[in-house]
Amino acid sequence: MPASLRQLRGRIKSVQATKKITRAMELIAASRIIKAQQRAQAAAPYARELTRAVSAVATYSNVDHPLTSEPENPTRAAVLVVTSDRGLAGSYSSSVLREAERLRELLREDGKETLLYVTGRKGVGYYRFRNRPIVASWTGFSDAPTYQAARDIGQRLIAAFTADDDADERVDEVHVVYTRFRTMLVQEPATVRLLPLEVVEGEEKPAADEILPLYDFEPSAEEVLDALLPKYVESRLFFSLQQASASELAARQRAMKSATDNAEELVKKYTRVANQARQAGITQEISEIVGGVNAFADANAGRE
Amino acid sequence: MADDLHLELVSADRVVWSGEAKMVLTRTTEGELGVMAHHTPLMGVLVPGTVEVRAVEGADLVAAVDGGFLSVANNRVSILAEHIELGQDIDLQQARADVESAEHAGELRSESEKVVQEAQQRLLAAQARVAAAERAS
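Read top to bottom, the protein sequences are chains A and B.
Sequential numbering of the first sequence, starting at 10, is according to the working numbering.
Sequential numbering of the second sequence, starting at 33, is according to the working numbering.
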C-alpha cells in the first residue's frame with residue numbers, strides 16, 4: 010500500500026469531482042441529441058421535396074449538366090472531412106480521420122491527387138500538426154450545423170468542381186467523409202461521393218410505383234436543373250453535417266457515460282484501499298498497545 | 033375539397049406553413065403566376081419576392097421567399113426556399129433597415145458581375161420581406 014491514508018482521501022475527492030463533471034457532460038450531450046434529432050426531422054421535408062424535384066427533372070429532361078457529367082480522366086479529388094470542434098467524444102474524430110486516410114490511400118492508388126477540405130477544429134488540428142495542406146476549413150458549428158454553413162461549403166466545393174481546367178483548385182470529383190448516425194449506439198464513418206452527382210440516389214427517394222407527373226417547366230428544364238442541382242448538393246451536405254453532429258453528441262454521451270462509470274469504479278476501489286489502510290493502522294495501534302501493556306506487566310511481575 | 037390545393041411552404045430547416053389553399057400567387061423568373069386547383073404539373077424557379085396564399089380557413093397569408101422553387105402536381109403545391117418567413121413574423125423595422133443597408137452595400141457597384149448579382153438578390157429578398165411584413169400588418 011504505497012499511498013498514505015491522507016493521499017488516498019485526496020484522490021477519492023478529486024475523482025468524485027471529475028465524476029460530477031463527466032456526469033454533467035453526459036446529460037448535456039443526451040439532451041442535445043434529442044434536439045439534433047428534432048432538427049434533422051424538421052429539415053427532412055426540404056430534402057425530400059428537393060429530391061423529388063430533382064428526380065422529376067432528371068426523368069423528363071436529358072440530364073447533361075456540368076455537375077452530373079463524369080470527367081473522362083479524373084486526376085484530382087477533393088475530400089471533405091467532417092470532424093468535431095471539441096474533444097471528449099471518445100473515438101469519434103479519430104475514426105472519421107482514419108476513414109479519411111483510408112480514402113486518400115485508395116484515391117492515391119487510383120492515381121488521383123487529393124485536396125483536403127476540413128470542417129471542425131479537431132480535423133484542422135490533426136492535419137496542421139502533420140503539416141498537410143488544407144485547402145479550406147470551416148469551424149464553429151459541429152454540434153449544431155446551420156444551413157448557411159452547408160451552403161458556404163457547398164458553394165466552395167461546387168466552385169472547385171466547375172473551375173477551369175488549369176485552375177489551382179480544379180478537382181474532378183468531391184468526396185465527403187462523415188459519421189453516419191444509425192442508432193444511439195451505432196455510428197459509423199461513411200464515405201459518399203458528392204460530385205459528380207448521381208441523380209436519384211437520395212436518402213429518401215420517391216417510391217418506385219409513384220408515377221411522376223409530366224411537368225411543365227418555367228423557364229425551361231435546363232434552367233430549373235441549373236438552379237436545383239446546387240441546392241441539392243447543399244441539402245445533401247446539410248444532411249451529412251446533421252448526421253455528423255448527432256453522431257458526435259452520441260459519441261460524447263457514450264464516452265462520458267463510461268468515464269462516469271470508471272470514476273465510480275475508481276472511487277469504490279480507492280475507498281476499499283483507504284478502509285484497508287485505516288484498518289491496518291488501527292490493528293497496528295492495538296497490537297502496539299497490547300504489546301506495550303504486556304511488556305509493562307511482565308516488568309512489574311518480575312519486581313514483585 | 034376537390035377544388036382546394038394542398039400547399040406546403042418548406043424552408044431549409046423546417047416546414048413554415050402547410051394547409052389547404054384556394055389560390056397561391058407567386059413570382060417566377062417568367063413573371064407573376066397564380067395557381068389554383070387542377071393546375072397542370074409545373075416546376076418553376078422563383079425570384080426573391082412574396083408568396084400570397086388564399087387559405088381555405090383563416091385569413092390570407094403573405095410570405096417572403098429568397099428565391100427557391102415552386103412545384104405543382106396533383107393539386108399539391110410545394111414552395112421550396114432556403115428562407116421563408118410569414119409576413120406576421122417579420123419585424124418590419126428590422127426589415128426596412130436591412131433594405132437600407134442592402135441598397136448601400138458596396139457590392140452593388142462591384143466589378144465582378146457575379147458579386148453584383150448576389151447583392152441584387154439580397155436586396156430583392158430584403159425588399160420582399162418588407163413587402164410581406166407591410167401587407168400582413
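Every residue, glycine too, gets a C-beta built ideally from N, C-alpha and C.
Just so we're clear, the structure is a prediction, and the values are computed from it rather than from any experiment.
query, result
"Locate the beta strand (DSSP E) running through D225 (chain A), then write down its first and last residues.", "D225 to E227"
"Can you find at least 3 beta carbon pairs, one from the region 46–59 of chain B and one from the region 79–93 of chain B, that sit closer than 8 angstroms?", "yes"
"Do F226 (chain A) and A52 (chain A) count as a contact pair if the criterion is CB distance below 8 angstroms?", "no"
"Tell me, please, which residues DSSP counts as bridged to M265 (chain A).", "In the DSSP output, where bridge partners are listed per residue, M265 (chain A) has none listed."
"Can you name, in chain order, every residue of its own chain whose Cβ lies under 8 angstroms from the Cβ of E213 (chain A), other than the five neighbours on each side?", "Because E213 (chain A) sits at a pLDDT of 46, beneath the cut-off of 50, its placement in the model cannot be relied upon, and the point is left open."
"Starting from the beta carbon of V63 (chain A), find every residue of chain B whose beta carbon is closer than 7 angstroms, and list them in chain order.", "In chain order: nothing, as chain B lies at least about 10 angstroms away."
"V90 (chain A) by DSSP, collapsed to three states: which one?", "strand"
"What are the boundary residues of the alpha helix (DSSP H) that includes I326 (chain A)?", "Since the first and last residues shown for chain A are 10 and 313, residue 326 (chain A) lies out of range."
"Do V24 (chain A) and V276 (chain A) have their C-beta atoms closer together than 8 angstroms?", "yes"
"Taking beta-carbon pairs under 9 angstroms, can you tell me which members of the region 218–248 of chain A lie near chain B?", "L221, P222, L223, Y224, D225, F226, E227, P228, A230, E232, V233, D235, A236, L237, K240, E243, S244 and F247"
"Is D174 (chain A) a contact residue of the ligand NAD, with contact defined as CB to any heavy atom under 7 angstroms?", "The ligand NAD is absent from the structure shown, which contains no ligands of any kind."
"Locate the alpha helix (DSSP H) running through A137 (chain B), then write down its first and last residues.", "Where A137 (chain B) is concerned, there is no enclosing alpha helix (DSSP H), given that its DSSP letter is neither H nor E."
"What are the partner residues of G76 (chain B), as DSSP defines its beta bridges?", "A:E227 and B:L102"
"Three or more C-beta pairs closer than 8 angstroms, one from the region 116–134 of chain B and one from the region 59–68 of chain B: is that the case here?", "no"
"Run through DSSP, which three-state label would A153 (chain A) get?", "coil"
"Answer with yes or no whether the minimum CB distance from L74 (chain B) to chain A is below 8 angstroms.", "yes"
"I'd like to know whether the C-beta of A44 (chain B) is nearer than 8 angstroms to at least one C-beta of chain A.", "yes"
"Along chain B, which residues have their Cβ under 8 angstroms away from the Cβ of Y156 (chain A)?", "A44, D45 and E114"
"For L206 (chain A), which of A:H184, A:Y224 and A:I43 has the nearest alpha-carbon?", "A:H184"
"Look up H184 (chain A) in the DSSP assignment and give the residues it is bridged to.", "A:V88 and A:R202"
"Counting C-beta neighbours from all protein chains within 10 Å, is the total for P75 (chain A) 16 or more, i.e. buried, or is it exposed?", "exposed"
"Counting only C-beta atoms, is A52 (chain A) closer than 8 angstroms to chain B at any point?", "yes"
"Going along the chain, which residues of the region 77–105 of chain B sit with their C-beta nearer than 7 angstroms to a C-beta in chain A?", "V77, F101, S103 and A105"
"Could you check whether the Cβ of R41 (chain A) sits closer than 8 angstroms to any Cβ belonging to chain B?", "no"
"I'd like the span of the beta strand (DSSP E) that includes R59 (chain B), first residue to last.", "R46 to T60"
"Closer than 7 angstroms by beta-carbon distance: list the chain A residues that pair up with E62 (chain B), in chain order.", "E227 and P228"
"Three-state secondary structure (DSSP) at I63 (chain B)?", "Correcting the residue identity first, residue 63 (chain B) is Gly in this sequence and not Ile. Strand."
"Can you tell me which of A:I30, A:D235, A:E273 and A:V91 puts its alpha carbon nearest to the alpha carbon of F150 (chain A)?", "A:V91"
"Which chain A residues sit within Cβ distance under 7 angstroms of S110 (chain B)?", "E58"
"Checking contacts by CB at 8 angstroms: is R165 (chain A) closer than that to chain B?", "no"
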